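Q: Here it is, the structure, as structure tokens.
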Amino acid sequence: MKSKLLKKPGSYLSVVLIIVIFLIGFLARFYLLGNIPSGLYWDEVAMLADAKTLANFGHDLHGHSWLQSLFISYGDYKSPVFIWLATLSVKLFGATNFALRIVSALAGLASMLLSLLIVQELFPKVKNRLCLLLGTIFTIALSPWAIMFSRTAFEGHLAQMLVSVAVLFLLKSKKKKWMLLLSIFCASLATYTYYSVRFVWPIILVVGLWLINKQKKKFEWGNFVLMAVGSGLIYSASLLPMLNSPFYQASNQFRFSANSVLNAKDWVVESNQLRQLAGNVLNSRFFYHRHWLLIRKFAQNLANNLSLNFLFVGGDSNLRHGTTQHGLFLFPFVIPFLVGLYVLAKKRFRELLFLVCWWLAALVPASVPLETPHALRSLNALMPLTLIIGFGSYQLLNLILVKQKKQVFLSKIFSLITIVLCLASFAGFSYHYFNVYPQDSAHNWQAGYEQLAKKVCAYQNKADKIWIQLTDQRFFLWPLAYC
Numbered sequence: 418m419k420s421k422l423l424k425k426p427g428s429y430l431s432v433v434l435i436i437v438i439f440l441i442g443f444l445a446r447f448y449l450l451g452n453i454p455s456g457l458y459w460d461e462v463a464m465l466a467d468a469k470t471l472a473n474f475g476h477d478l479h480g481h482s483w484l485q486s487l488f489i490s491y492g493d494y495k496s497p498v499f500i501w502l503a504t505l506s507v508k509l510f511g512a513t514n515f516a517l518r519i520v521s522a523l524a525g526l527a528s529m530l531l532s533l534l535i536v537q538e539l540f541p542k543v544k545n546r547l548c549l550l551l552g553t554i555f556t557i558a559l560s561p562w563a564i565m566f567s568r569t570a571f572e573g574h575l576a577q578m579l580v581s582v583a584v585l586f587l588l589k590s591k592k593k594k595w596m597l598l599l600s601i602f603c604a605s606l607a608t609y610t611y612y613s614v615r616f617v618w619p620i621i622l623v624v625g626l627w628l629i630n631k632q633k634k635k636f637e638w639g640n641f642v643l644m645a646v647g648s649g650l651i652y653s654a655s656l657l658p659m660l661n662s663p664f665y666q667a668s669n670q671f672r673f674s675a676n677s678v679l680n681a682k683d684w685v686v687e688s689n690q691l692r693q694l695a696g697n698v699l700n701s702r703f704f705y706h707r708h709w710l711l712i713r714k715f716a717q718n719l720a721n722n723l724s725l726n727f728l729f730v731g732g733d734s735n736l737r738h739g740t741t742q743h744g745l746f747l748f749p750f751v752i753p754f755l756v757g758l759y760v761l762a763k764k765r766f767r768e769l770l771f772l773v774c775w776w777l778a779a780l781v782p783a784s785v786p787l788e789t790p791h792a793l794r795s796l797n798a799l800m801p802l803t804l805i806i807g808f809g810s811y812q813l814l815n816l817i818l819v820k821q822k823k824q825v826f827l828s829k830i831f832s833l834i835t836i837v838l839c840l841a842s843f844a845g846f847s848y849h850y851f852n853v854y855p856q857d858s859a860h861n862w863q864a865g866y867e868q869l870a871k872k873v874c875a876y877q878n879k880a881d882k883i884w885i886q887l888t889d890q891r892f893f894l895w896p897l898a899y900c
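Reading the sequence shown from the start, the letters are residues 418 to 900 in the working numbering.
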């Protein structure tokens with residue numbers, strides 16, 4: 418007996434298109450994975466060195482066990498989960514660029530599948546569900562943001578995937594409460610993958626629990642508070658190994674020493690100077706209070722991460738995080754983004770509120786450092802933005818694939834043109850990424866360091882000393898990884 422889902426208009430075509438888009442997304446993430454980008458960045462090569470040492474000897478570069486909550490690495494105190502997974506990969510494929518980056522590539526594939534699962538949980542009663550799935554996977558599979566970070570070994574990409582798994586189980590806990598424990602477990606894994614998750618997840622958890630209770634016939638405040646407090650305590654307890662690590666204080670000092678809104682200026686001095694310029698009147702003590710100045714700077718950074726230019730036009734100026742020729746999402750996706758916001762605000766406001774809170778929570782730790790906008794630090798916003806744009810794409814695809822009685826011809830043409838522009842833009846991004854970007858970004862990826870390290874390896878048993886003239890003091894990581 419045929420599924421009811423496949424009996425709807427456009428169903429078979431939607432299924433075929435979902436499979437095709439998934440295969441395109443697969444190729445975009447795995448084609449020449451070990452060669453593009455053109456080298457390993459020092460954070461990547463440091464993880465490869467630790468993973469290789471763990472795979473061969475059972476301890477890290479500093480002689481410590483694999484079972485630790487913080488790896489010293491080269492002094493930046495890395496979280497363990499990515500290194501653990503890379504160790505398994507190195508055992509299978511050897512200490513290669515492909516072995517390291519396949520962890521992130523698989524997380525990219527998982528993110529595509531998770532987007533389909535989450536959107537079904539978030540919008541269970543939507544009409545033409547296959548069109549919704551198609552619109553969602555169309556968005557994430559073709560996104561430069563998702564593709565580029567699927568091809569590089571940054572912990573933040575794996576962490577956003579684990580946060581998405583946690584959200585999936587959180588939404589499923591509406592019917593099966595025990596899945597809330599799985600949600601907390603996955604959130605804990607994400608926290609042991611990337612530092613900023615500890616600031617993002619508590620907000621997602623509270624708003625998600627609110628949404629689950631709000632979807633019931635009657636909102637039960639007692640049940641909501643009990644679940645929120647209980648979940649928060651369990652999550653906090655899961656972080657004890659990290660908090661008790663002998664390297665935890667040094668890890669915090671390393672991260673908080675970076676330039677941020679907290680230490681960008683002496684806000685007391687700034688406040689006093691502005692008060693004096695204003696005549697040191699009573700109002701000036703309020704308007705130029707140091708806390709207001711700090712909040713304003715944070716708001717400016719947040720606005721940078723929210724800008725449409727960052728999201729759809731120029732992206733991150735750092736060539737490790739973007740091409741500088743494309744936004745985080747393809748430019749034509751600004752249309753389904755606006756459509757998605759409008760329709761969700763009009764018909765599904767609670768779900769939109771959850772996605773927006775998830776998005777903003779992800780931007781909080783990304784807006785504290787001075788360097789904004791930042792595609793890596795804001796990666797936890799990938800999934801909520803994908804779901805908003807995917808919902809807008811669904812609205813456009815629905816006009817094309819599903820026949821409706823009251824359908825304006827011009828709206829159908831507009832939708833078709835938008836989809837064609839998205840595909841053309843993806844073709845342009847793919848050409849640039851695989852043909853121009855490797856040379857354009859070579860310096861940013863320390864291209865040539867691997868080849869130089871392998872020459873050092875070849876001579877290490879033939880000479881007492883090998884002199885290398887480099888300004889980068891972290892070059893020692895490359896021989897550790899490749900020799």
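Heads up, the beta-carbon is just placed ideally off N, CA and C, and yes, glycines get one too. Just so we're clear, the structure is a prediction, and the values are computed from it rather than from any experiment.
Determine the contact status of A468 and I519, defining contact as a CB-CB distance below 7 Å.
A: Judged by their CB atoms, A468 and I519 are not nearer to each other than the 7 Å cut-off.
Q: For H476, does the three-state DSSP call read helix, strand or coil?
A: strand
Q: Do you know offhand how far A898's Cα is from S795's?
A: Cα atoms of A898 and S795: separation of roughly 29 Å, rounded to the nearest angstrom.
Q: With distance defined between alpha-carbon atoms, name the residue in A778, I489, I629, N735 nearest to K377.
A: Beyond the ends of the chain as shown, which are 418 and 900, falls residue 377; an answer cannot be given.
Q: What did DSSP end up calling P918 once you bin it into helix, strand or coil?
A: No answer is possible for residue 918: the residues shown for the chain start at 418 and end at 900.
Q: List the whole-angstrom C-beta distance separating L799 from W562, where the pair is believed to meet the contact cut-off of C-beta under 8 Å.
A: 6 Å
Q: Would P454 and W862 qualify as a contact pair, given that the criterion is a beta-carbon distance under 7 Å?
A: The answer is yes: Cβ separation under 7 Å.
Q: Taking the CB atoms as reference points, tell me whether A524 and H574 lie closer together than 7 Å.
A: yes
Q: Is it buried or exposed, W459, if we count other Cβ atoms within 10 angstroms and call 16 or more buried?
A: buried
Q: Determine the direct distance from the alpha carbon of G865 to that of L450, and round the result to whole angstroms.
A: 17 Å
Q: Run the CB neighbour count on S506, radius 10 Å, all protein chains shown included, and call it buried at 16 or more, exposed below.
A: Under this definition S506 is a buried residue.
Q: Which residues bound the alpha helix (DSSP H) around Y665?
A: 665 to 673
Q: Tell me which residues share the same chain as K495 and place their Cβ nearer than 6 Å to its Cβ, disregarding the 5 neighbours each side in the sequence.
A: Leaving aside the five residues that flank K495 on each side, the residues in its chain whose CB is nearer than 6 Å to its CB run, in chain order, F488.
Q: In terms of alpha-carbon separation, which member of C603, R568, L550 lies closest to L585?
A: Measuring from the Cα of L585, the nearest candidate turns out to be C603.
Q: Let me make sure I understand the geometry here. Which of L622, A558, M578, L626 has the alpha-carbon closest to that of K591?
A: L626
Q: Go ahead and label K419 buried or exposed: buried means 16 or more other beta carbons lie within 10 angstroms of its beta carbon, across all protein chains shown.
A: Model confidence at K419 stands at a pLDDT of 47, short of 50, so the residue's coordinates are unreliable; what they give is reported in the following sentence. Exposed, because fewer than 16 other Cβ atoms sit within 10 Å of the Cβ of K419.
Q: Looking at the structure shown, is T888 part of a helix, part of a strand, or coil, going by DSSP?
A: Reduced to three states, the DSSP call for T888 is coil.
Q: Just how far apart, CA to CA, sit F808 and C839?
A: Distance between the alpha carbons of F808 and C839 is about 15 Å.
Q: For a cutoff of 7 Å on Cβ pairs, would you count I836 as touching chain C?
A: Among the chains in the structure shown there is no chain C, since it carries only a single protein chain.
Q: Quick check on the burial criterion: 16 or more other C-beta atoms within 10 angstroms. Buried or exposed for C548?
A: buried
Q: Does P786 come out as helix, strand or coil in the three-state DSSP assignment?
A: Strand.
Q: Exposed or buried, what is L728 when buried is set at 16 or more other beta-carbons lying within 10 Å of its beta-carbon?
A: buried
Q: Can you give the beta carbon distance from S527 to F439, rounded, assuming they're within the 8 Å contact cut?
A: In the sequence under discussion, the amino acid at residue 527 is Ala, which differs from the Ser named in the question. Going by Cβ atoms, the distance from A527 to F439 rounds to 12 Å, so no, they are not a contact pair.
Q: Could you tell me the boundaries of the alpha helix (DSSP H) in which D733 lies?
A: Taken as a continuous stretch (DSSP letters only), D733 belongs to no alpha helix (DSSP H), as it is neither H nor E.
Q: Here's a check: name, in chain order, each residue in its chain whose Cβ is nearer than 8 Å to the Cβ of S734, leaving out the five neighbours to either side.
A: Setting aside the 5 residues that flank it on each side, S734 is surrounded in the same chain by T741, each with a C-beta closer than 8 Å to its C-beta; the list follows chain order.
Q: Please state whether DSSP places K592 in a helix, a strand or coil.
A: coil
Q: Assess contact between the stretch 668 to 686 and the stretch 702 to 715, defined as three or more Cβ pairs (one per stretch) separated by less than 8 Å. Is contact present?
A: A contact exists between the stretch 668 to 686 and the stretch 702 to 715.
Q: Leaving out five residues on either side along the sequence, give the residues of the same chain with a beta carbon under 7 Å from the beta carbon of F754.
A: I805, I806, G809
Q: Under three-state DSSP, which class holds K902?
A: Past the boundaries of the shown model lies residue 902; the chain is included only from 418 to 900, so the question cannot be answered.
Q: Please work out which residues of its chain come closer than 8 Å, Cβ to Cβ, to F746, disregarding the five sequence neighbours upstream and downstream, and give them in chain order.
A: T556, S560, P561, W562, L728, F729, F754, L802, I806
Q: Does DSSP put F488 in a helix, a strand or coil?
A: strand
Q: Excluding five sequence neighbours on each side, which residues of the same chain lie with their C-beta closer than 6 Å to the C-beta of A583?
A: Listed in chain order, the non-local C-beta contacts of A583 below 6 Å within the same chain comprise S600, C603, A604, local neighbours out to five positions each way being set aside.
Q: Quick check: the Cα distance between L430 and R765, rounded to an integer number of angstroms?
A: The alpha-carbon separation between L430 and R765 amounts to approximately 27 Å.
Q: So, is V785 buried or exposed, given that buried needs 16 or more other C-beta atoms within 10 angstroms?
A: Buried, since its Cβ has 16 or more Cβ neighbours within 10 Å.
Q: Taking Y612 as the reference, which of R568, F673, M644 has the closest Cα?
A: F673
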